Every structure is written in C-alpha cells, then in structure tokens.
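Here's the structure, in structure tokens; my notes come after.
2 protein chains.
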Amino acid sequence: MWGHMSETLVDQFVETWGVMGNSWGVNNSVARVHGLLIITDRPWCIDELVERLQISKSNVSTSLKELRSWNVVRKVFLPGDRREFYTCEPDAWEMLFNIMRQRKQREFDPILASISSTCEQARQCPAGIAVERLGQMKQMLDTFDKLAGIAFKSETQIKALVSLLPKKK
Amino acid sequence: MWGHMSETLVDQFVETWGVMGNSWGVNNSVARVHGLLIITDRPWCIDELVERLQISKSNVSTSLKELRSWNVVRKVFLPGDRREFYTCEPDAWEMLFNIMRQRKQREFDPILASISSTCEQARQCPAGIAVERLGQMKQMLDTFDKLAGIAFKSETQIKALVSLLPKKK
DNA sequence: TTTTATGTTCTGAACATACAGAACATTTGA
DNA sequence: TCAAATGTTCTGTATGTTCAGAACATAAAA
Numbered sequence: 002m003w004g005h006m007s008e009t010l011v012d013q014f015v016e017t018w019g020v021m022g023n024s025w026g027v028n029n030s031v032a033r034v035h036g037l038l039i040i041t042d043r044p045w046c047i048d049e050l051v052e053r054l055q056i057s058k059s060n061v062s063t064s065l066k067e068l069r070s071w072n073v074v075r076k077v078f079l080p081g082d083r084r085e086f087y088t089c090e091p092d093a094w095e096m097l098f099n100i101m102r103q104r105k106q107r108e109f110d111p112i113l114a115s116i117s118s119t120c121e122q123a124r125q126c127p128a129g130i131a132v133e134r135l136g137q138m139k140q141m142l143d144t145f146d147k148l149a150g151i152a153f154k155s156e157t158q159i160k161a162l163v164s165l166l167p168k169k170k
Numbered sequence: 002m003w004g005h006m007s008e009t010l011v012d013q014f015v016e017t018w019g020v021m022g023n024s025w026g027v028n029n030s031v032a033r034v035h036g037l038l039i040i041t042d043r044p045w046c047i048d049e050l051v052e053r054l055q056i057s058k059s060n061v062s063t064s065l066k067e068l069r070s071w072n073v074v075r076k077v078f079l080p081g082d083r084r085e086f087y088t089c090e091p092d093a094w095e096m097l098f099n100i101m102r103q104r105k106q107r108e109f110d111p112i113l114a115s116i117s118s119t120c121e122q123a124r125q126c127p128a129g130i131a132v133e134r135l136g137q138m139k140q141m142l143d144t145f146d147k148l149a150g151i152a153f154k155s156e157t158q159i160k161a162l163v164s165l166l167p168k169k170k
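Shown next, in the form of structure tokens:
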C-alpha cells in the first residue's frame, strides 16, 4: 500500500535498528519504533504501531515521547482524521546531527563542566602526575567540545563535504 | 607518596569518570577503576584497588579483564613483587582511539554488515520509499565506515591536527 | 607436601529496567 | 450529557544487571 518492500525486509531493518540502539544505550522498543518510521517514511498512528510491532500501547506512547525529545520524530495531523500521527525526520544526516546535538548537551556538557571544576580546584595543589593527567583529560574534552561546536555550526558544509566522498566501496 | 593531589579531588575525578561511563554504556565499577588508573598514572594491584575504591575483589578482577579487552589497561610486573599490577595507556588520545576502534569493530561493523545484507536482498524488490530509505541509511553508515578508516589510519596526523587547535577557550 | 598469597569464576541476593494492562484524562461526536 | 475514540500515566510483574562473598584454581614459599 505505501511501499513495495516485503514485510520481512522491513522487519529485518527494524530488528537491526533495535540492536544498534542497544549498542548506543537506547531502549529496544524506542529504537524499533524509530526504525519502522525511518524505513517506511510515512506517518503512523499509535494503534498502527501497536499492531505492526506487537508491543503495548503504553510502550509505544512512551517510546514516541522519548523520540520526540530527541527531535527525531514529530507529530503530524492528517486531514479528516483526529488521531495523532508520527513521522521521522526525512534527512538521515539531519537526524544524526539532531541526535548528536542532544546527546552532547545531555551527556557530555555536564561531564566537561564537572572536570573543569575539578581542574579549577586542582590549581591550588602542587604540581604532580595527577594534576597533569587531569589537565590532559580536560584538554581532550575541550578539543571535543570545540570540534562539535564547529561541526554543528557548519552542518550544511559538513553534509556537503560528506556527499563528496566516493560513494561506492 | 605518588602524587600531590588531594584524595578528594581524585575521588571527584573517579566519580565523574564513572558517570561518563554510564552515558556510554560502560559499567560504573569498570569506569571507576579506569578513572583511578588514569588520574594516578601508576601501577595498582587488585588489593590496592579493592581498598581504595571499596569494591569487592571479584568486581575489580572482572573490571580489569574488561578494561584489558578494550586495550586501555595492561598488566605490568614490578621487580621483587609477585603481584600483578595494572596501568593504563598513558596517552589520552591513544586511549580514545583504542576505545573507538574496539567499539566500531564490536558494535558498528556487525550493524553495517546486517544493513548491507538487507540492502542486497532488497535489490530484487521494485523501487519504493522503503528501498530508497534503506539505501540512504546504508550510504550514511558506509560514509561513517570510510571516515573511521581514514581517521584510524592517519591517527598520528589527526592527533597533530588536534593539537594545533587553539588551547584556551 | 603443606601453607600462604594471589587471581578468577560461580552463585544468589539486591537493585534496576522494561513493559503489559489498568486506570485515568481529554477530546469529539451523538 | 453521555458514549466512543484516542492518548498518557500509573502499577505490578517479569526480566536483566550488578556485585559481594564463597568456592575454586594456581603458583610461590615454607
């Protein structure tokens, strides 16, 4: 009806996306819902997702909430239908950048702040291995921070650059 | 005895490193052992770690095994001591690259293989949204694979490049 | 050999996470 | 109003993870 790929192949992709989520600390259901939205690229409502993925409505509901908080999924309304439909960011790279931005903000920035604070306190200590190592770590995190800043600011250029890489292996 | 930084600051760093591990799917004990080895930069034996971190010997033992499997910690023998000591990779960037290499191999490569296989099977299907999206995903993962290959091969240059970035915020 | 020092693996209890179903809330149409 | 449709949040159970202590293994010293 919406695509021409067999159900089995869609399942295969959804399954793989779920496994990938696991590696990255994303709940399996969340990742599978996301995978299905990605591969089918059309709006789904909750009950359809329940039926297709065979998971509970509450699970689908919370998974969608999570996905929206990562800015990779959004609500859409279909004319003449009062149900809420969900669809994912259509551009794969844009999706990736959204996720990276969020993760940096939630998981990296607080760590950098914490290390910086420890580093600051350590300035009163006499020099030594520990102080030196702490500085090294902070410097590495700072570099990461800077690189991320550059990448997120020049997103369009990065995507253009990436598209210039040879396509075929 | 080994450094001049206060115990409290070491604890602070170890704690932060543990939290950071959590974000990245690394067990808290594993990350804390690693954090302590990083910040003190000297060989520790199991019983010392038990005493310092107040966790069980079995926990320390398995944590060290895990860290060795990531190539970020290695055994060393001190002359006249039959205990096994453990120390971490001294270069922060080298450490990061080791971890990235391992994670790519364990968590990314199998996903890429799986998606590629699905993609291959989909070539017999008539064109459609799903097939197109699948191709997009594969292309993105391929690009990542290529970039990682380049980065790991030119590790030294990357490190040099990174060191050229302005140091202060 | 036996004992002691050192490390690893096994086991069960405590803790955390995932998730279905129930209960609740809200909106729309009768 | 009330009933039906749609979504969200709560609650208890099942499943998975973490980790201390016990049991086991190995090697050095006595």
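Sequence lines, in order, name chains A and B. With the first sequence counted from 1, adding 1 to any position gets you our numbering. With the second sequence counted from 1, adding 1 to any position gets you our numbering. Ideal Cβ positions, reconstructed from N, Cα and C, are used throughout, including at glycine. What you are looking at is a predicted structure, and each value in this text was computed from that prediction instead of being measured.
8 Å Cβ cutoff, residue i in contact with chain A
i	result
B:Cys-46	no
B:Ile-116	yes
B:Thr-88	no
B:Ser-7	yes
B:Met-138	yes
B:Trp-94	yes
B:Ala-149	no
B:Leu-37	no
B:Arg-134	yes
B:Thr-119	yes
B:Ser-24	yes
Alpha-carbon to alpha-carbon, residue j and residue i
i	j	result
B:Gln-103	B:Gly-129	36 Å
A:Ile-151	B:Arg-84	47 Å
B:Asn-28	A:Gly-26	12 Å
A:Lys-154	B:Ile-47	46 Å
B:Gln-55	A:Asp-82	59 Å
B:Ser-59	A:Glu-52	45 Å
B:Asp-92	B:Phe-109	25 Å
A:Phe-86	B:Gly-22	36 Å
B:Gln-158	B:Arg-107	25 Å
A:Asp-146	B:Ser-115	32 Å
B:Leu-65	B:Trp-71	10 Å
A:Thr-144	A:Ser-57	43 Å
A:Lys-192	B:Ser-24	No answer is possible for residue 192 of chain A: it lies beyond the span of chain A, which begins at 2 and ends at 170.
B:Glu-49	A:Ser-118	27 Å
B:Glu-156	B:Cys-126	41 Å
A:Lys-160	B:Glu-8	46 Å
B:Arg-75	B:Glu-90	8 Å
B:Gln-137	A:Val-163	13 Å
A:Lys-139	B:Gln-140	34 Å
Contact belief for residue i with residue j at Cβ below 8 Å, rounded distance in angstroms
i	j	result
A:Leu-79	A:Pro-44	6 Å
B:Leu-68	B:Val-31	6 Å
A:Val-77	A:Thr-88	5 Å
A:Val-34	A:Val-73	About 11 Å separates the two Cβ atoms, so there is no contact after all.
A:Leu-113	A:Leu-148	Not a contact, Cβ separation roughly 13 Å.
B:Val-132	A:Met-6	5 Å
A:Phe-14	B:Leu-135	6 Å
Residue i at chain B interface by Cβ criterion, 8 Å
i	result
A:Gln-103	no
A:Val-51	no
A:Ile-100	no
(message) With three or more C-beta pairs closer than 8 Å as the rule, is the segment 90-100 of chain B touching the segment 114-125 of chain B?
(response) no
(message) Is it the case that the segment 29-44 of chain B contacts the segment 11-20 of chain B, given that we only count it when at least three CB pairs across the two stretches are under 8 Å?
(response) Yes: at least three Cβ pairs fall under 8 Å.
(message) Please give the ranges of any beta strand (DSSP E) in the segment 109-153 of chain A, keeping only runs that are unbroken, at least 3 residues long and fully inside the region.
(response) none
(message) Which complete alpha helix (DSSP H) runs does the segment 44-112 of chain B hold, if anything under 4 residues is left out?
(response) Counting whole runs of 4 or more residues, the segment 44-112 of chain B contains the alpha helix (DSSP H) stretches 47-54, 58-70, 93-104.
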